[in-house]
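**Student:**
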């Protein structure tokens, strides 16, 4: 028995002292990366920009509050032939171990995206530290500029961008979804587009008034890819159409003309919806019937009429359906005619229904898709009209 | 165990007897010769013999006097001052014999030959008397507080059970305070303790067997169990293990605990102890055996299961839903007290990905200025906590309070302000410390020890080390048995019916049977269908 | 490394052998030593960097037609 | 008898669950999804059928020779020398082989996914040391430890439910895309894993109620394939067939994706703990079978002296036996060892034993 215990103690000691501490990285020894960006430089190298959190300015509680809005991040870049090489060069500049585990955003510069994104994604998918759930974005311009901004509301711009994506204000893509789209022949990738734009000011801050206007990251649509190369953009309006055609997420706001006063608008907030794509193929011609079911709440009206009447709601619903259809068609036309890529996943829908035919068509799918006929039918419903029936601020007639 | 204790005992006794018993006939008086000594009819010889044995025991009183009826009958009373009840000795023995003995029968003279018989039957006003002719028994009786009466001309002594020594009064349980439930606790006197148990269980089946253990101390030990509920094999095993013990002293039940354990090298106690009579009664009713030791308020109960440490007596007195909720909390605290610091070390120095981003940044910010690696930091804090805790127990009560306040202030506040420790570390250590007080103290000692081992493991191998360490602890717990009962039962091996009283505390009307592995088979605790329900017709009240 | 390994083997022998000798379990002792020898034969060359023939290759050859099929 | 402990049927089911599942969840989804893609669940169905047949085979054999393990009745059926050879095959090519494979898989998993800077041998040695302690204490402790840790498998189900948010049923469509061949190919690996139920032959004699062995084996296989299907589906529904086949540990990646309310996320450590505890038991079962088998093979009175030497052998085998690098390991598991073990050790020899025992009329009448 005594022997058993000695052996146990010996084992613990052995593991304790001989083993050493290989994988140990104290939290104070790591540089926590919150956002990263990849650019293709003019001389054909990869420039990796990382936004590193400065832990000192994250202190919570009483002490932290006093420091105010001191920038909480540090953006630093390095160049190399590959991302890993660039990271090694970065390591010569950053005095701590570079730690990817909490990287929130991956921004791909415009040039890099045009060159091909598969060069970029490999590292982030293969390495164990970066997560599959990081948000992928394409910068209009250079990724470096995006990372060098800082946010007014959040501590760092990377966190701000991540929150913007999480709220699904645009079409948000996680790295894993990007990889899935890249790996599938039935759909071409789209990725959120971000731009650096002037944002509001912090009132009362003297410093802020003197310095040039504050720059911040903004989501402005999506970038359209063919395979892994960026070939064009969709603006925010068409992005909504794209999202509705893809079937997720459906939330959004549209305005339709008021039934009685066509020059005034009524805003409808779309709460939920469903998209169904039904391919029809007879060997030659290809047709897709897209059915979109939408449900929204009326949230605002400019006109003075009383909209709380069944026939008026009917009218609103048809207007809503029209508007949705118009936007979807805009996105569709752009993709079909201008870019000739299937960014909607029509190919996957086709694959699900016509297994055999898919095998022949899959390698020239984008061409096939280009000629496909798409019929969009929208069924829209308004469920809720807010807290008032008639407008409360209009006098009785 | 017994092997190496024996020579020590022989040596001490031998040395003692050589000095004091040099002049006695037949050489040194050893324990063996004491065993064979018997009384002689001559009072003088007897007294001399006893005085030699109890040489230099100034607390032993020898009182020689003569019988009231017949002055030829000489008597001697021997007792230990302080242990015998003086009132009883003077009123019921001395006064009765020396002054007030009634006439046996008119005109009938009490002769020397009839003296013993007469005194026994009519002279003494004591409830409990015993006759003996062995010197050993006499010595034993004197030292236990009984009063020995020697009668001239008779080789038999009368032992009067007139003990009356000072004992502490029954007070609140200090180590196991409860909000609801009996406030009695055991005290140092064996008799009082057995009476406390007997008062709870008024059944003839409650058996209390006693024995004396300890060669020098001759401590009274009683084994209590309920016949018909306790497993006979278990009772036999307990007696067997106690019978094997040959040590010089039993000063506390802890001595016994170490001598009868199943696995002496385990950090986990496999014998439970309590100072609450109601708890002992409950244990006995579940089929356990209790061992009461004179001189300590802690009563041992066996077999001991791991889950007992999660059960508090109050659980059974409070409403069952609340009791269950509290048990869940206790269970969580147990896990926290074992793993939280090691988990913290592992996460902060290996697995940063576990933290949500904001929390990671927060912790990183706190640790920015801390000069030590997190392992050293947690170790220092844990050690400080342990030192404070120990100091709190050892110090006189008024100072203890001050120490804890100063400790908390200095270490908590100042160390964080000075940037020596991160606030998160203080939170982790303090929380662990508090969590370790939610369940039984003896288990929390084991957990505290293991906590440090786990900290070393997780500082070297991260979560892998932590999980490996936990696995070893789990395996060890699986191998443990307490008096033949698997330590982790009824959890593992799972006994469905007994799970009613593990994390869950089922209502009393649902706990039909006694624990399967402890009590005899198929023991029914109460009848089924006792679940109370409102009467079918409501009584017509006002309003 | 090799020192550690030898220490480990010494530890194992110290742990098991006295008990076996005490109980006079000679057959068990022989089996124990045989297995330990196999263990040594497998581990010491690895520590020294010597490559041993691998039974894997034999299985691979045996199963080749099926593995081709599975590709 | 060498082993005094007895276990009940519930414990046996749980033990078999841990014998098959831990590495299966880790490795099988990738191997199967590579060839069967979105139809992987059909592969599991096929594998389950095979597994059930093997289970039946093993139990029928075991019940014909009550109180005897595979090693003992192999000798009885085939005669001394051929029986010994069969025993040798099982010790070295099955129990020790898979045992070292389990160690290697966990080592690889820890090194690639959790702690890349630590030498893999450290995980091997520590793991084997922990398990050796368990094995030395016998079957009862093994199954109790398993009983204690198996509830963590329930966490897998919880994780599955948590990740439904990211799942899309459409990723499983179209069904039966590439025809039957890839599905059959994809079923070899899971069939081999489910066929590890052969180990049950070492445990049947120690059941408190051997009559229930059929039920135990069948239930174990069904439960295993349920969990296996779940883990494959989880990965497929989150990543789709294109990506799933390219992960090394799809179940692990799937868990990384879970994110509920910005707080309940980054659950991979939970999964690592489950994998580790399961791995300890799985290794324990094969380790125990190897040790007990060797003791029976050599006719010893006690198996415990063999525990430590076998541990050394397991560690020593774990590195060279399964290939120099992870690519070789994966290739070997999926394309070499799985078909070999399935055909020879899990189906071939038990079937041979049964046929011979039937023709020679050896062994008691089984109740099946």
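Residue numbers (the numbering used here), protein chains in the order written: chain A, 24 to 420; chain B, 292 to 834; chain C, 74 to 144; chain D, 27 to 394.
Ideal Cβ placement from N, Cα and C applies to all residues, glycine included.
Every value quoted in this text rests on a predicted model; they were computed, and no experiment measured them.
Measuring only the C-alpha atoms, how far is residue 510/B from residue 456/B?
**Tutor:** Using only the alpha carbons, I get a separation of about 16 Å.
**Student:** Fully enclosed by the region 501–532 of chain B, which beta strand (DSSP E) runs are 3 residues long or longer?
**Tutor:** Here the runs fully enclosed are 510–517.
**Student:** So residue 441/B is in the beta strand (DSSP E); what residue range does that whole segment cover?
**Tutor:** Start and end: 438–442.
**Student:** Cα separation between residue 75/A and residue 599/B?
**Tutor:** The alpha-carbon atoms of residue 75/A and residue 599/B are separated by roughly 51 Å.
**Student:** May I have a chain-ordered list of the alpha helix (DSSP H) segments no shorter than 4 residues that lie completely inside the region 146–215 of chain D?
**Tutor:** Whole alpha helix (DSSP H) segments, 4+ residues: 146–162, 164–175, 179–188.
**Student:** Pick out the complete alpha helix (DSSP H) segments inside the region 97–144 of chain A, 4 residues or longer, and give them in chain order.
**Tutor:** 106–114, 133–138, all fully within the region 97–144 of chain A.
**Student:** Are the beta-carbon atoms of residue 175/A and residue 125/A separated by less than 8 Å?
**Tutor:** Not in contact: residue 175/A and residue 125/A (Cβ atoms no closer than 8 Å).
**Student:** Excluding the 5 residues preceding and the 5 following residue 295/A in the sequence, name in chain order all residues of the same chain whose CB lies nearer than 7 Å to its CB.
**Tutor:** Only 273, 318 meet the Cβ criterion.
**Student:** Which whole-angstrom value describes the C-beta separation of residue 122/A and residue 54/A, a residue pair presumed to lie in contact below a C-beta threshold of 8 Å?
**Tutor:** Indeed they touch by this definition, with Cβ atoms about 6 Å apart.
**Student:** Starting from the C-beta of residue 342/A, find all residues in its chain whose C-beta is less than 7 Å away, skip the five residues before and the five after it, and write them out in chain order.
**Tutor:** 279, 280, listed in sequence order.
**Student:** Among the candidates 612/B, 609/B, 543/B, 491/B, whose CA atom is the shortest distance from the CA of residue 575/B?
**Tutor:** Cα-wise, what sits closest to residue 575/B is 491/B.
**Student:** Looking only at C-alpha atoms, which of 115/D, 118/D, 184/D sits nearest to residue 290/D?
**Tutor:** For residue 290/D, the nearest C-alpha among the options comes from 184/D.
**Student:** Extract the residue ranges of the alpha helix (DSSP H) inside the region 385–420 of chain A, only unbroken runs of 4 or more that lie entirely within it.
**Tutor:** Correct list: 388–394.
**Student:** My parser needs the alpha helix (DSSP H) runs of 4 or more residues fully inside the region 732–802 of chain B; what are they?
**Tutor:** Whole alpha helix (DSSP H) segments, 4+ residues: 732–770.
**Student:** By how many angstroms is the C-alpha of residue 630/B removed from the C-alpha of residue 173/D?
**Tutor:** Each residue's alpha carbon lies about 21 Å from the other.
**Student:** Using a beta-carbon distance below 8 Å, is residue 322/D in contact with chain C?
**Tutor:** By this cut-off, residue 322/D is not an interface position.
**Student:** Roughly how many angstroms separate the alpha carbons of residue 695/B and residue 739/B, rounded to a whole number?
**Tutor:** Rounded to the nearest angstrom, the two C-alpha atoms are 19 Å apart.
**Student:** If I'm right that residue 227/D touches residue 151/A with Cβ under 8 Å, what's the distance once you round it to whole angstroms?
**Tutor:** Actually they do not touch by this definition, with Cβ atoms about 39 Å apart.
**Student:** Using a C-beta to C-beta distance shorter than 8 Å, which residues of chain D count as neighbours of residue 753/B?
**Tutor:** Neighbours of residue 753/B on chain D, chain order: 140, 141.
**Student:** Please list the partners that residue 313/D has in chain C, where partner means a Cβ-to-Cβ separation under 8 Å.
**Tutor:** The contacting residues do not exist; residue 313/D stays about 13 Å from chain C at best.
**Student:** Determine the burial state of residue 386/D: buried for a count of at least 16 other Cβ atoms within 10 Å of its Cβ, exposed for fewer.
**Tutor:** Its Cβ having fewer than 16 others within 10 Å, residue 386/D is exposed.
**Student:** For residue 416/A, tell me which candidate among 180/A, 323/A, 95/A, 187/A has the shortest Cα-Cα distance.
**Tutor:** Answer by Cα proximity: 323/A.
**Student:** Return helix, strand or coil for residue 30/D, following the three-state DSSP convention.
**Tutor:** In the structure shown, residue 30/D sits in coil (DSSP, three-state: anything other than H, G, I, E or B).
**Student:** For residue 104/C, which residues in chain D fall below 8 Å Cβ to Cβ?
**Tutor:** Simply 320, 321, 324, 326, 331, 332.
**Student:** Looking only at its own chain, which residues have a Cβ that is under 6 Å from the Cβ of residue 298/A, when we skip the five neighbours before and after it?
**Tutor:** Excluding sequence neighbours, residue 298/A sits near 270, 315.
**Student:** So, at 6 Å on beta carbons, what are the nonlocal neighbours of residue 507/B in its own chain, with the 5 sequence-adjacent residues on each side left out?
**Tutor:** Closer than 6 Å at Cβ, skipping near neighbours: 539, 540.
**Student:** Closer than 7 Å by beta-carbon distance: list the chain C residues that pair up with residue 362/D, in chain order.
**Tutor:** Within chain C, the residues near residue 362/D are 132, 133, 136, 140.
**Student:** Can you pull out the residues from the region 51–65 of chain D whose beta carbon lies closer than 7 Å to at least one beta carbon of chain B?
**Tutor:** For the region 51–65 of chain D, which is checked against every Cβ of chain B, not one residue is closer than 7 Å.
**Student:** Does the structure place the region 295–314 of chain D close enough to the region 163–177 of chain D that three or more beta carbon pairs sit under 8 Å?
**Tutor:** Yes: at least three Cβ pairs fall under 8 Å.
**Student:** If you draw a straight line from the alpha carbon of residue 41/D to that of residue 146/D, how long is it in whole angstroms?
**Tutor:** Distance between the alpha carbons of residue 41/D and residue 146/D: 27 Å.
**Student:** If we cut at 8 Å on Cβ distances, does residue 301/D have a partner in chain C?
**Tutor:** Judged by the 8 Å Cβ criterion, residue 301/D is not in contact with chain C.
**Student:** In whole angstroms, what is the alpha-carbon distance linking residue 120/C and residue 66/D?
**Tutor:** Approximately 41 Å, taken between the alpha carbons.
**Student:** Sorted by chain position, which residues of the same chain lie with C-beta nearer than 7 Å to residue 105/A's C-beta, five sequence neighbours on each side aside?
**Tutor:** So the list reads 69, once near-sequence residues are dropped.
**Student:** In chain order, what residues of the same chain have a beta carbon less than 7 Å from the beta carbon of residue 139/A, not counting five sequence neighbours either side?
**Tutor:** Excluding residues within five positions, the ones whose Cβ falls inside 7 Å are 251, 252.
**Student:** May I ask you to list the residues that DSSP assigns as paired with residue 60/A?
**Tutor:** Looking at the DSSP assignment, residue 60/A forms a beta bridge with 72/A, 130/A.
**Student:** How long is the line joining the alpha carbons of residue 607/B and residue 817/B, rounded to whole angstroms?
**Tutor:** Between residue 607/B and residue 817/B, the C-alpha separation is close to 15 Å.
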